[in-house]
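Just so you know, the sequences run in chain order B and V. At position 289 of the first sequence (counting the first as 1) the number is 297 in the numbering used here, and the numbers step up by one without a gap. At position 121 of the second sequence (counting the first as 1) the number is 129 in the numbering used here, and the numbers step up by one without a gap. Ideal Cβ positions, reconstructed from N, Cα and C, are used throughout, including at glycine. The model shown is predicted, which means the values in this text are computed figures rather than measured ones.
Number of protein chains: 2
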Amino acid sequence: MALIVAKFGGTSVASPERIQMVAKRLISIKQQGNDVVAVVSAMGKTTDELVGLAAALSKNPPAREMDRLLSTGEQVSMTLLAMAIEARGYRAMSFTGRQAGIKTSTEHKKAKIQLVHADRIQTAIEEGYIPVVAGFQGIDEKGDITTLGRGGSDTTAVAVAYGIGADVCEIYSDVDGVYSADPRLVPRARKLDVISYDDMLELSSAGAGVLQARAVELARKYNVVIHSRSAFSDAPGTLIKEDDPSMEKAVISGIAHDTSEVKITIRDAPDESGIASKIFSALAGNKVNLDMIIQNVSEEGSTDMTFTCPESDLDKAREVVENVIPVIRARDYVVDENIAKVSLVGTGMKSSPGVAARAFTALAEADVNIILISTSPIRLSMVVAADQVEVAVRALHTAFGLDSDSVFEETMLSAEELEAKKKKGR
Amino acid sequence: MALIVAKFGGTSVASPERIQMVAKRLISIKQQGNDVVAVVSAMGKTTDELVGLAAALSKNPPAREMDRLLSTGEQVSMTLLAMAIEARGYRAMSFTGRQAGIKTSTEHKKAKIQLVHADRIQTAIEEGYIPVVAGFQGIDEKGDITTLGRGGSDTTAVAVAYGIGADVCEIYSDVDGVYSADPRLVPRARKLDVISYDDMLELSSAGAGVLQARAVELARKYNVVIHSRSAFSDAPGTLIKEDDPSMEKAVISGIAHDTSEVKITIRDAPDESGIASKIFSALAGNKVNLDMIIQNVSEEGSTDMTFTCPESDLDKAREVVENVIPVIRARDYVVDENIAKVSLVGTGMKSSPGVAARAFTALAEADVNIILISTSPIRLSMVVAADQVEVAVRALHTAFGLDSDSVFEETMLSAEELEAKKKKGR
Chain B
9 MALIVAKFGG TSVASPERIQ MVAKRLISIK QQGNDVVAVV SAMGKTTDEL
59 VGLAAALSKN PPAREMDRLL STGEQVSMTL LAMAIEARGY RAMSFTGRQA
109 GIKTSTEHKK AKIQLVHADR IQTAIEEGYI PVVAGFQGID EKGDITTLGR
159 GGSDTTAVAV AYGIGADVCE IYSDVDGVYS ADPRLVPRAR KLDVISYDDM
209 LELSSAGAGV LQARAVELAR KYNVVIHSRS AFSDAPGTLI KEDDPSMEKA
259 VISGIAHDTS EVKITIRDAP DESGIASKIF SALAGNKVNL DMIIQNVSEE
309 GSTDMTFTCP ESDLDKAREV VENVIPVIRA RDYVVDENIA KVSLVGTGMK
359 SSPGVAARAF TALAEADVNI ILISTSPIRL SMVVAADQVE VAVRALHTAF
409 GLDSDSVFEE TMLSAEELEA KKKKGR
Chain V
9 MALIVAKFGG TSVASPERIQ MVAKRLISIK QQGNDVVAVV SAMGKTTDEL
59 VGLAAALSKN PPAREMDRLL STGEQVSMTL LAMAIEARGY RAMSFTGRQA
109 GIKTSTEHKK AKIQLVHADR IQTAIEEGYI PVVAGFQGID EKGDITTLGR
159 GGSDTTAVAV AYGIGADVCE IYSDVDGVYS ADPRLVPRAR KLDVISYDDM
209 LELSSAGAGV LQARAVELAR KYNVVIHSRS AFSDAPGTLI KEDDPSMEKA
259 VISGIAHDTS EVKITIRDAP DESGIASKIF SALAGNKVNL DMIIQNVSEE
309 GSTDMTFTCP ESDLDKAREV VENVIPVIRA RDYVVDENIA KVSLVGTGMK
359 SSPGVAARAF TALAEADVNI ILISTSPIRL SMVVAADQVE VAVRALHTAF
409 GLDSDSVFEE TMLSAEELEA KKKKGR
């Protein structure tokens with residue numbers, strides 16, 4: 009007897025057949041005596057297709073229109089899922105973000121959830137319905153539709169779980185939990201039974217794709233237990249919850265990698281105060297999402313300023329940098345797109361000195377050159393050449409004793425995906 | 009300087025390229041000093057695709073969910089059109105049925121417009137926007153999304169035109185107006201410059217596809233002038249408006265035909281009172297849309313009851329008839345799917361005796377056998393064999409002096425459509 013929120017991503021509702029599977033799953037949760045609320049993403053590639061249509065019509069579509077366009081994707085999947093449940097003799101009712109009472113900030117395309125008025129969902133549960141909620145969307149104070157940005161459906165699920173006081177927020181996807189490293193890169197990666205919010209947050213931020221960092225952040229804030237599990241099996245996945253003493257205390261929980269960033273270096277800027285401020289204020293003003301920032305001061309009183317940002321922000325970043333270089337009297341700038349970031353994450357790191365040394369040694373022995381380093385109390389990130397990411401992750405995984413005895417069977421990875429992954433890594 | 013509502017159907021917004029054309033058209037209306045409100049249908053076959061998805065998941069999808077599903081189609085086209093207009097430097101704002109203030113009855117999938125609160129549209133016009141309104145949808149008193157049924161976008165356009173006091177409701181489609189007969193059947197069909205609501209209503213009801221009968225009915229009720237014209241040319245089309253003395257008074261305005269009906273005859277029912285009531289109450293109870301009803305009493309005190317209904321209602325009709333036959337002690341029933349209805353329409357008919365006689369003579373001379381006849385004060389409908397529909401329409405067109413001097417050029421009909429039309433006629 010539990011109250012469960014079950015979120016299904018785009019892959020899980022990509023076709024009528026898949027939607028039937030989701031309906032079955034929800035009914036089986038209900039049959040076990042639980043109450044359940046479903047949260048769904050848009051079917052398969054719907055969102056991308058809508059973005060493509062908009063791009064064909066406008067270089068810079070008005071944000072309000074864009075949000076209303078994108079929000080239709082979840083409205084289709086939610087109604088179809090409700091129909092599939094009803095066709096199996098159970099009662100279901102779909103809810104748009106508006107109807108689910110999801111109030112957000114007014115920043116179109118990346119609105120933040122501010123409040124969940126879950127009364128209507130609550131009433132529907134009490135009346136025996138399986139509520140089906142559109143992920144990724146809400147309304148702002150003006151009543152306009154907003155969307156939460158990519159991966160926003162995870163965030164919706166966590167918010168709804170909090171709003172109705174659910175026991176757990178189950179997030180179903182095509183992977184069966186959180187791994188000590190990407191199993192596609194590291195065949196000996198281990199599935200974790202449990203991981204703390206902090207570690208999961210660092211892993212997500214560092215590129216582990218299984219959960220959206222902002223959803224984990226929201227879960228941590230409101231203490232919502234997340235269960236990351238497979239839509240295609242009944243096996244338990246990974247619980248993400250408050251750090252507690254019973255949790256296994258490995259030094260490193262997992263290793264994440266991210267090949268979606270680029271590195272920009274502004275060379276030979278005068279080493280004066282205010283330079284960094286000018287550069288990074290300009291970047292922030294143009295909404296470039298910065299990740300790592302490193303400054304080297306040379307002996308001649310000039311400085312090199314390096315930062316990384318998502319590849320998708322590269323054009324915006326170039327624009328800013330080209331404008332700022334004459335202002336700060338720097339020499340020039342260089343862009344490196346062939347980088348990968350590898351991150352060790354673990355709350356246990358705080359109490360274990362020598363993690364960095366062990367990591368650098370492991371990479372040196374594997375002949376991997378480290379380009380940039382950045383750290384947090386529970387994370388150590390190193391930027392390496394993109395074509396060395398696989399070697400680097402494997403070496404670290406072994407060096408920190410994470411290798412499992414059994415080799416991961418790649419049931420979930422198609423040949424095309426593997427190829428795409430490899431290409432990206434190069 | 010006029011206030012214009014411009015409605016574009018699914019074909020006109022079927023692709024980004026077509027949407028660009030619509031945007032250009034709207035801007036050109038605006039540039040001529042007018043104010044304009046757009047009403048759009050869903051892109052191309054979107055609605056059919058959504059219906060197909062629902063059918064894959066449920067034999068009998070809940071009406072509330074179905075309406076929310078279908079309403080997404082227009083939400084996509086309206087936002088895309090608004091983006092296309094904005095990209096050309098004009099201001100546009102999209103409106104769902106809810107936001108456009110279109111209040112309907114609660115009958116899902118065939119809701120009726122009850123009220124238009126056009127304040128938000130009006131304000132947008134005053135602020136210089138081109139409002140883009142989703143056709144086909146509204147909300148009921150409970151706040152649930154409703155849809156107006158097939159062709160509902162025409163009705164939305166007329167309702168919005170009335171709500172904002174527009175000078176004209178332009179309905180753009182792939183045909184350039186109302187013809188004296190379907191130009192695909194009758195190469196000498198003439199485009200009408202103007203036609204009365206009454207005649208248009210009869211033509212639409214009798215199968216002329218260019219405008220939805222209910223939209224014409226609403227226009228007549230609220231005296232909204234409709235201009236039916238081509239989305240692909242600037243040539244004026246046909247005005248549909250109040251009958252006025254200046255209108256050309258042809259006896260017959262046009263000839264419509266309809267191959268989408270079937271004929272069912274219940275044979276040898278006892279000729280007693282209450283039989284017709286039993287049959288047609290049962291049909292109404294099962295929501296079969298009846299068109300013609302004809303009763304023949306035979307000499308032996310038994311009666312044949314014949315009616316026509318849309319082919320799409322045939323299964324429901326069969327069910328009713330099979331149940332009712334034992335109750336009324338009729339012998340059996342026969343279904344004829346290969347029929348076509350040909351209708352002469354004209355307000356002038358009222359004051360011109362001999363129309364029926366002239367029609368029957370024309371068909372007899374063309375060797376067309378008349379199966380059923382039904383009349384209204386301004387319409388004469390005859391059911392003939394489906395494979396004789398073309399001959400029948402042409403013979404009548406000539407007999408009533410409707411032939412134009414020039415032969416219609418079939419610019420708008422593809423070979424496939426012609427073939428499909430012919431097949432259906434067989």
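Worksheet entry | Cβ-Cβ separation, B/T164 to B/I110 (assumed contact under 8 angstroms), whole Å | 7 angstroms
Practice prompt. Hey, could you find the ends of the beta strand (DSSP E) B/A92 is sitting in?
Written response: Segment A71 to A95 is the alpha helix (DSSP H) holding B/A92; no beta strand (DSSP E) there.
Practice prompt. Could you check which residue in V/A325, V/S320 and V/E308 has the C-alpha nearest to that of V/T457?
Written response: No answer is possible for residue 457 of chain V: it lies beyond the span of chain V, which begins at 9 and ends at 434.
Discussion item. Can you confirm whether B/M436, when its beta carbon is compared against all beta carbons of chain V, has any partner nearer than 8 angstroms?
Written reply: Any property of residue 436 of chain B remains undetermined from this structure, which presents chain B solely from 9 to 434.
Worksheet item: Do B/M357 and B/I378 have their C-beta atoms closer together than 8 angstroms?
Response: no
Worksheet item: Name the chain B residues that come within less than 8 angstroms of V/A95, Cβ to Cβ?
Response: Those are L65, S66, K67, N68 and P69, listed as they occur along chain B.
Discussion item. One question on the structure: do B/Y205 and B/K249 come within less than 8 angstroms of each other, judged by their Cβ atoms?
Written reply: Between B/Y205 and B/K249, the CB-CB gap stays under 8 angstroms.
Practice prompt. At 4 residues or longer, and completely inside the region 338-397 of chain V: list those alpha helix (DSSP H) runs for me, N to C.
Written response: As far as the region 338-397 of chain V is concerned, its whole alpha helix (DSSP H) runs of at least 4 residues are 363-373.
Worksheet item: Closer than 8 angstroms, CB to CB, is B/R76 near chain V or not?
Response: In terms of beta-carbon proximity, B/R76 lines the interface with chain V, with at least one pair separated by less than 8 angstroms.
Discussion item. When you compare the CB of V/E115 with every CB in chain B, is at least one pair closer than 8 angstroms?
Written reply: no
Item to complete: Pick helix, strand or coil for B/G18, following the three-state DSSP scheme.
Response: helix
Practice prompt. Output yes if chain B places a C-beta closer than 8 angstroms to the C-beta of V/A14; else output no.
Written response: no
Worksheet item: Is there at least one Cβ from chain V nearer than 8 angstroms to B/V194's Cβ?
Response: no
Worksheet item: Using the beta-carbon of each residue, which ones in chain B are nearer than 9 angstroms to V/E49?
Response: Before going further, note that residue 49 of chain V is Ser rather than Glu in the sequence given. Contact note: V/S49 does not reach chain B at a C-beta cutoff of 9 angstroms; the least C-beta distance is about 15 angstroms.
Worksheet item: V/I138 and V/A239: beta carbons closer than 8 angstroms?
Response: no
Worksheet item: Ordered along the chain, which non-local residues of its own chain (more than five positions away) have a Cβ less than 6 angstroms from that of V/L421?
Response: Residue confidence is low: V/L421 scores 42 on pLDDT, short of 50, so the model does not pin down where it sits. Its coordinate-derived value is still stated next. Here the set comprises R192.
Discussion item. Run through chain V and tell me which residues come within less than 7 angstroms of B/E73, C-beta to C-beta.
Written reply: T87, A90, M91 and S102
Fill in: B/E149 - DSSP class collapsed to helix/strand/coil
In the three-state reduction of the DSSP assignment, B/E149 falls in the coil class, being assigned neither a helical nor a strand state.
Discussion item. Quick check: what's the CA-CA separation for V/I263 versus V/M300?
Written reply: 17 angstroms
Discussion item. For V/D411 and V/I381, what's the separation of their Cα atoms in angstroms?
Written reply: 24 angstroms
Worksheet item: Where B/S85 and B/I129 are concerned, what is the direct C-alpha to C-alpha distance, given to the nearest angstrom?
Response: 18 angstroms
Worksheet entry | Cβ shell of B/S261 (< 6 angstroms), same chain only, five flanking positions each side left out | I203, D207, V353 and G354
Discussion item. Would you call the region 86-97 of chain V in contact with the region 63-70 of chain B, where contact means no fewer than 3 C-beta pairs closer than 8 angstroms?
Written reply: yes
Worksheet item: Does DSSP put B/T460 in a helix, in a strand, or in coil?
Response: Because chain B here runs from 9 to 434, residue 460 of chain B falls outside it and cannot be looked at.
Worksheet item: List, in order along the chain, the chain V residues whose C-beta lies closer than 7 angstroms to that of B/Q83?
Response: R76 and T80
Worksheet item: Whose Cβ in chain B lies nearer than 7 angstroms to the Cβ of V/A62?
Response: L88 and M91
Practice prompt. Could you check how far apart the C-beta atoms of B/G18 and B/S49 are, in whole angstroms? I think they sit under 8 angstroms.
Written response: Right, the Cβ-Cβ distance comes to about 4 angstroms (below 8 angstroms), so this counts as a contact.
Worksheet item: For the beta strand (DSSP E) that contains V/A100, what are its first and last residues?
Response: A100 to F103
Fill in: Close-in-space but distant-in-sequence residues of the same chain around V/N304 (CB under 6 angstroms, 5 per side omitted)
Contacts found: D312.
Worksheet item: Helix or strand or just coil, what does DSSP make of B/Q28?
Response: helix
Worksheet item: Roughly how far, in whole angstroms, is the beta-carbon of V/A189 from the beta-carbon of V/H405, given that I think they are within contact range, below 8 angstroms?
Response: Between the beta-carbon of V/A189 and that of V/H405 there is about 5 angstroms, and that keeps the pair under the 8 angstroms contact cut.
Fill in: Straight-line gap, V/A126 to V/V259 (C-alpha atoms, nearest Å)
40 angstroms
Item to complete: Using only alpha-carbon positions, find the residue among B/I12, B/T267 and B/L58 that is nearest to B/N346.
Response: Per the Cα distances, B/T267.
Worksheet item: What does B/L58 reach in chain V if we use C-beta pairs closer than 8 angstroms?
Response: V84
Discussion item. One question on the structure: do V/I121 and V/A169 come within less than 8 angstroms of each other, judged by their Cβ atoms?
Written reply: no
Worksheet item: At least one CB of chain V closer than 8 angstroms to the CB of B/P24: is that the case?
Response: yes
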